[in-house]
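First the structure, in the form of structure tokens, and then the observations on it.
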Amino acid sequence: MKKILQLLTLIVISTIKAQAYESAIPGLNITAPTASGIASKIKSPSALSTGIPEIEIPFFSVGTHNKNVSVNVGLSYHPNNTFMESKASDVGSGWNTSGAANLIYREVNPANGTPTNKYYFNFLGRTGSFQFFKQSPSGNLQLSKITENKYQISVTETGPDLYKFKVIDENGISYYFETLDQSYYLLTGNGGTNMAFTGCYYLSRIDDVNGNELVTFEYQEDNYTVPRYLTGTDQMMVSVKSLKPSKIIAKDFGSIHFNYTFNAVDRKSYQDPFLLNSVELRNTAGKQIEKYVLQTTSRITTYPWGFIGQGPNYGCSTYEEQTKRILSKILKYGTGSSYETTEIKYPVFNSGNNFDFLGYWTDYPNIDPLYKCFPEEYKNPKYLGIGLLQSIKYPNGTEVKYTFEPNQYFVDKSSPAYAASMPPYNVVDREAQYYEDIGTYPFDVHSGTSTALFTLPSNPDAADGHSYLLFHVAVTELYTNEPVQPADGHYFINGALMGGVDGDSGYKKYPPGKNSFSITGTGGKGIVTIKRVRYRSLPAENYITGKGVRIKKIEYLDNNVVADALTRRYEYKNFDGSNKTSGYLNDIEDVQTVVYKNVKETVGDNKGYTKYYYKTLFDKTDPMQSTQDSLVMVGNEIRYANILSNGLLEKKEIYDNNNLLLQKDMILSDMRSLGGSYVAVGDYYGTPIDVVRNGIIKNQKTISETYTPSGTYTSTSEITRNISDYNIVAQKNTGTDGLITESTITYPWDKRLNDPRLWNAGITNVPLVIETKRNGTTVSKSETKYENTSHFYPTSQISYLPDNLSQSIKNVSYDMYDDKGNPVQYTVFPEAGSTGISTTIIYGYNKTLPIAKIEGAKLSDIPSSLITAIVNASNEDANATSGQEEAKELALIDALNTFKNDTSLQNFMVTCYTYNPLIGITTTIPPNGIMELYKYDSYNRLLKTVDVNGNTIKEYQYNYKQ
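Numbered by the numbering used here, the letters in the sequence shown go through residues 171 to 1132 in order.
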């Protein structure tokens, strides 16, 4: 019989593990799993105060006809996108393709899977969030910023519950989000209904301030349908559409191409159904310039659900298996077929590999693993480490290794509100409580009831010494040959504690000294295990572990050898020793991110360390005098969340290896609240929050003290912002010698009354006037003018006489621009009253690059036929196929020499250039005619510079370690 029982146990385990257990985590079945990872980077950005390291692998950059707009593509990693509730992106768990995911993403509530009114945007390195909804019953559209920025965000309703967004940045560049996906969520009740909504608004195009198109975006679609009603006979369907960027076109510069593999089976899985295979940069002729091939593997991760108290999955044998892709290698190609490899490593899930998780939460006693465990075991912080990045090994042999650990944040466990989370009769708070061994007691009994004694030590956690006990009976064998046989054939053993007195919530507690238990049944043998609930310390330490991870250590390896001098270590304890952690949980609007007030960074061994002090949203400080603009909380309104939620640096101290203070920086910030606010739900130390109002740092002063054997040296720096346009309008620096240098800057906001053109166009951060003083005396003042109403480019730059600011001198005039905004002619005035010296620049390669610079000439001095010849030749070179490249470049060089040597230009200084667009310059023809050529390898790295005869002038070598 004993053997039969063991066999049945094994069958039960196998059966439960083989069953498909539906995830109880909502919010996974969305059309934009890769886009959803953007929220983590906005909520908890890379910073010392958040414990999130900046991990990026850049690929390439493509410019545009506006210097303020470029498309930079690469990979970025965020550790908080690797957890159980996170889907793996099209690249792999934790990774996103920066520069590709250009969109506005509507947040899905992780608790119930329904869309919220919070939106996150990410495009070309710009990130942020806002709240948007349609007011009822007025129908007015309400849009409020959550993260404060200089962007103008507008929304247009195009149909019932259909919208498009437009963002204008501080340079007047317009970004149009007009390509929409079609997502859905499950509305519970009445059998369940799938409700349609727009999950993402994708970037369609970018225009400059003059309305010229700079960049366009194309997308690949996945279209399918789901039933609207989950029950009943109605066959109505909901259309679903997912989008992926397939092509980004920088007009006249080049294009970026994304290649995917699609698997419809993964639509409702734990990974994006699109797998990104490669990202390729091509020139306007369609030639490959760079290509990155991404190699991934699949990993099955198991999360235990813990104790389930009812139903067919009763017990502890239920787990959730998730298959997620992980990025393993990146192959970089240039223009040839050879490649370089970057290797991404992930550890086997063991403590010490790259994640320190031991000693945080109490594990349940291993007395009956099938039926005795904690509920919701998957929330154990140790499972945050599954799938975390371990290291990146670059082609040059350098490897960067990351060690993470769980976040820890403050909780007041002495408060009555927290008492239910660590009751004396049960282990609920697995950091504050544990099960202490009392003893194990073998038994061998026959049919009937037997009793046994055990000694219970006094409980130091309770004033009366009583204990709440965990009692468990493990039967190793049932006797089937007893004289008295059960009538129903059921053999059993039961056990129970005896005595005790009534304690909290109906639980029994037991006094110190002798106690007893009983064993009842048909006979058998086994072991009784008795443990009791204890507290690790009283009062309990005020912290909880979880809610994401933080960096603990970063190591740099050279050929597998750690460079100790470069190793960085991080600690997050309160510097005053009052708590194990300085972290606070931002729980407003269910953001659920952790920020640290104190961070210690140590670089290398015996090289000292740096301590950082941050002001957070949850610092309890004494109220200041001004109730209007100094308090974080005013009534039910919380202020400065945009500044303080991720920490504001207040102090920085640098120490040597002997703990001697070398330098201290004090940062004094004067915050001001702004007019915009948004509706929120949260709690601030017991006060409910209804509204969040953003703020701005109006004045900031940094006092730096350096300590040396000869004395203390102090310097200060101050900045002042205009709360209307957020620009820094004044700077003041006081050196250790007492020299005071001040600068004031004027922007379009200050000129808007007399000349509102720039401000009305959205150009807000262009400095127009800069004045500098030393010890109160003006030493320089310059002004940039925008006087041509046909465009928004500068027309001249003037400087004022320091000793007479009413008089000015024109330094340079920008006389002429082409239709792409390139300065074609400018004139410099080397001295006051001079007629000026003009320079003309001819742009070729579809007006993307200068091909000729003619010093001393105006555009009108150059025959148009000469310009047309070199421009056309450069355009043909730009559009040449691989087989035509050499011939077209030689033809361009001939055309440039003809241009340069034309008699009409003999009185001017002429320099000419050729290029491989997106790679670099290939030829320079200076005024003396001695040509230099630039040679590149297949990875587009400059190899050498040679003269016209092939003699090497300069050579570059790139030696990678083996």
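Ideal placement from N, C-alpha and C gives every residue a C-beta, glycine not left out. No experiment lies behind these values; they were computed from the predicted model shown.
Item checked: Residue interval of the alpha helix (DSSP H) (run including Ala-455) -> Residue 455 sits at position 285 when you count from the first residue of the sequence shown. Run containing Ala-455: none; DSSP gives neither H nor E here.
Next item on the list: Starting from the Cα of Ala-1043, find the closest Cα among Thr-737, Tyr-1085, Ser-894 and give me that residue.
Entry: By 1-based counting over the sequence shown, the position of residue 1043 is 873. Of the listed residues, the one whose Cα sits closest to Ala-1043 is Tyr-1085.
Checklist line | From Asn-577, His-660, Tyr-489, Ser-561, residue whose alpha carbon lies closest to that of Tyr-530 | finding: Taking the sequence shown and counting its residues from 1, one reaches residue 530 at position 360. The option with the nearest alpha carbon to Tyr-530 is Asn-577.
Notebook entry, point to check: So Ile-1063 is in the alpha helix (DSSP H); what residue range does that whole segment cover?
Noted result: Translated into positions along the sequence shown, residue 1063 becomes position 893. It spans 1055-1070 - the alpha helix (DSSP H) in which Ile-1063 sits, taken as one unbroken run.
Next item on the list: Figure out for me which residue from Gly-456, Lys-457, Lys-438, Phe-428 has the closest Cα to the Cα of Gly-449.
Entry: Residue mapping note: residue 449 aligns to position 279 of the sequence shown, counting from 1. Sequence inspection shows Val at residue 449; the Gly mentioned does not correspond to that position. Check the Cα spacing between Val-449 and each of Gly-456, Lys-457, Lys-438, Phe-428: the tightest is with Phe-428.
Margin query: Can you look up Gly-946 in the DSSP assignment and give me helix, strand or coil?
Written below: On the sequence shown, residue 946 is found 776 positions in, with the first residue counted as 1. Of the three classes helix, strand and coil, the one that applies to Gly-946 here is coil, per DSSP.
Margin query: Pop quiz: Val-232 and Leu-245 are said to be a contact at Cβ under 8 angstroms. What is the actual Cβ separation, rounded to whole angstroms?
Written below: As a working mapping, residue 232 is identified with position 62 in the sequence shown. As a working mapping, residue 245 is identified with position 75 in the sequence shown. Contact between Val-232 and Leu-245 does not hold, since the beta-carbon distance rounds to 16 angstroms and is not under 8 angstroms.
Next item on the list: Inspect the CB distances between the segment 685-692 and the segment 618-630 and report whether three or more fall short of 8 angstroms.
Entry: Yes, the segment 685-692 is in contact with the segment 618-630.
Check: Identify the residues that DSSP records as bridge partners of Glu-391: which are they?
Finding: One-based indexing of the sequence shown puts residue 391 at position 221. Looking at the DSSP assignment, Glu-391 forms a beta bridge with Leu-413.
Next item on the list: Jot down the residue ranges of each uninterrupted alpha helix (DSSP H) in the segment 249-323, minimum 4 residues, whole runs only, in chain order.
Entry: Considered as a whole, the segment 249-323 harbours no complete run of any alpha helix (DSSP H) with no fewer than 4 residues.
Notebook entry, point to check: For Asn-577, does the three-state DSSP call read helix, strand or coil?
Noted result: The residue you call residue 577 lines up with position 407 of the sequence shown. Under the three-state reduction of DSSP, Asn-577 is assigned to strand.
Next item on the list: May I have the straight-line CA-CA distance separating Val-998 from Ser-1008, to the nearest angstrom?
Entry: As a working note, residue 998 is residue 828 in the sequence shown. As a working note, residue 1008 is residue 838 in the sequence shown. Cα to Cα, the separation comes out at about 6 angstroms.
Check: From Leu-413, Tyr-541, Ser-1052, pick the residue whose C-alpha is nearest to that of Gly-456; which is it?
Finding: Residue numbering aside, residue 456 sits at position 286 when the sequence shown is read from its first letter. When only C-alpha atoms are compared, the closest one is Ser-1052.
Notebook entry, point to check: Straight-line CA distance for Pro-612 to Asn-768?
Noted result: Mapped onto the sequence shown, residue 612 falls at position 442. Mapped onto the sequence shown, residue 768 falls at position 598. The alpha-carbon atoms of Pro-612 and Asn-768 are separated by roughly 52 angstroms.
Next item on the list: Name the two residues that bound the continuous beta strand (DSSP E) containing Thr-204.
Entry: As a position in the sequence shown, residue 204 is number 34, starting the count at 1. Where Thr-204 is concerned, there is no enclosing beta strand (DSSP E), although the alpha helix (DSSP H) it sits in stretches over 203-206.
Note to self: Using the Cβ count rule (16 or more neighbours within 10 Å means buried), how would you classify Gly-1120?
What the structure shows: Numbered from 1 along the sequence shown, position 950 holds the residue referred to as residue 1120. Exposed: under 16 other Cβ atoms inside 10 Å.
Margin query: Whether or not the segment 410-418 and the segment 384-395 are in contact is what I'm after, with contact meaning three or more pairs of Cβ atoms, one per stretch, closer than 8 angstroms; do they touch?
Written below: Segment contact: the segment 384-395 against the segment 410-418, three or more CB-CB distances shorter than 8 angstroms; contact assigned.
Next item on the list: Note down, in chain order, each residue of its chain lying with its Cβ closer than 6 angstroms to the Cβ of Ser-468, except the 5 sequence neighbours on either side.
Entry: Taking the first residue of the sequence shown as 1, we reach residue 468 at position 298. Taking Ser-468 as the centre and dropping the five residues before and after it, the same chain places the C-beta of Thr-493, Arg-495 closer than 6 angstroms to its C-beta, in chain order.
Next item on the list: List the endpoints of the continuous beta strand (DSSP E) containing Thr-763.
Entry: Working through the sequence shown from its first residue, we reach residue 763 at position 593. Bounds of the beta strand (DSSP E) holding Thr-763 are 763-766.
Margin query: Given a cut-off of 9 angstroms on the beta-carbon distance, is the pair Ile-459 and Phe-230 in contact?
Written below: In the sequence shown, the residue the question calls residue 459 occupies position 289. In the sequence shown, the residue the question calls residue 230 occupies position 60. Taking 9 angstroms as the Cβ cut-off, Ile-459 and Phe-230 qualify as a contacting pair.
Note to self: I'd like to know whether the C-beta atoms of Thr-573 and Phe-641 end up nearer to each other than 9 angstroms.
What the structure shows: Position 403 of the sequence shown, counted from the first residue, corresponds to residue 573. Position 471 of the sequence shown, counted from the first residue, corresponds to residue 641. Contact flag unset, no.
Note to self: With three or more beta-carbon pairs closer than 8 angstroms as the criterion, would you say the segment 578-590 touches the segment 709-721?
What the structure shows: With a cut-off of 8 angstroms, the segment 709-721 and the segment 578-590 count as touching, because enough Cβ pairs lie within range.
Notebook entry, point to check: Between the C-alpha atoms of Asp-775 and Met-836, what's the straight-line distance to the nearest angstrom?
Noted result: For this step, residue 775 is matched to residue 605 along the sequence shown. For this step, residue 836 is matched to residue 666 along the sequence shown. Whole-angstrom Cα-Cα distance: 27 angstroms.
Next item on the list: Could you spell out where the beta strand (DSSP E) holding Asn-756 opens and where it closes?
Entry: As a working mapping, residue 756 is identified with position 586 in the sequence shown. It spans 753-756 - the beta strand (DSSP E) in which Asn-756 sits, taken as one unbroken run.
Check: So is Lys-173 buried or exposed if we call it buried at 16+ other beta carbons inside 10 Å?
Finding: Translated into positions along the sequence shown, residue 173 becomes position 3. Caution is warranted here: a pLDDT of 27 is assigned to Lys-173, below 50, making its placement in the model unreliable, and the coordinate value is therefore given only provisionally. Taking every protein chain shown into account, the CB of Lys-173 has fewer than 16 other CB atoms within 10 angstroms, so this residue is exposed.
Notebook entry, point to check: Beta-carbon separation of Ser-210 and Val-243 under 9 angstroms?
Noted result: Walking along the sequence shown from the start, residue 210 turns up at place 40. Walking along the sequence shown from the start, residue 243 turns up at place 73. With contacts defined as CB atoms closer than 9 angstroms, Ser-210 and Val-243 fail to qualify as a contacting pair.
Item checked: Of the listed residues Thr-284, Asn-382, Thr-297, Ala-657, nearest to Asp-989 (C-alpha basis) -> Working through the sequence shown from its first residue, we reach residue 989 at position 819. Restricting attention to Thr-284, Asn-382, Thr-297, Ala-657, the CA atom closest to the CA of Asp-989 is found in Asn-382.
Check: Gly-233 by DSSP, collapsed to three states: which one?
Finding: For this step, residue 233 is matched to residue 63 along the sequence shown. Note: Gly-233 maps to strand in three-state DSSP.
Item checked: Backbone secondary structure at Leu-384 - three-state DSSP -> Translated into the one-based positions of the sequence shown, residue 384 becomes position 214. Three-state result, Leu-384: strand.
Checklist line | Option in Leu-1060, Leu-1113, Leu-1088, Tyr-1128 with minimal Cα separation from Gly-1095 | finding: Here residue 1095 refers to the residue found at position 925 when the sequence shown is read from its first residue. According to the sequence provided, residue 1095 is Ile. The question's Gly does not apply to it. For Ile-1095, the nearest C-alpha among the options comes from Leu-1060.
Check: What's the gap between the Cα of Tyr-766 and the Cα of Arg-739?
Finding: Numbered from 1 along the sequence shown, position 596 holds the residue referred to as residue 766. Numbered from 1 along the sequence shown, position 569 holds the residue referred to as residue 739. C-alpha of Tyr-766 to C-alpha of Arg-739: approximately 15 angstroms in a straight line.
Note to self: Counting C-beta neighbours from all protein chains within 10 Å, is the total for Gly-618 16 or more, i.e. buried, or is it exposed?
What the structure shows: Walking along the sequence shown from the start, residue 618 turns up at place 448. Exposed.
Checklist line | Same chain only: Cβ atoms within 6 angstroms of Gln-505, ignoring 5 sequence neighbours per side | finding: Stepping through the sequence shown from its first residue, residue 505 is reached at position 335. Note on identity: in this sequence residue 505 is Thr, with Gln being the wrong assignment. Excluding positions up to five away in sequence, the list reads Ser-1108.
Margin query: Less than 9 angstroms between the beta carbons of Tyr-430 and Phe-444, yes or no?
Written below: Counted from its first residue, the sequence shown places residue 430 at position 260. Counted from its first residue, the sequence shown places residue 444 at position 274. Yes; because the gap between Cβ atoms is below 9 angstroms, this pair is in contact.
Margin query: Less than 6 angstroms between C-beta atoms, sequence neighbours within five positions excluded: which residues of the same chain meet that for Ala-1177?
Written below: Residue 1177 lies beyond the residue range present for the chain, which begins at 171 and ends at 1132; the question has no answer from this structure.
Next item on the list: Please report the residue range of the beta strand (DSSP E) in which Thr-872 lies.
Entry: In the sequence shown, residue 872 corresponds to position 702, counting from 1. First-last of the beta strand (DSSP E) with Thr-872: 857-878.
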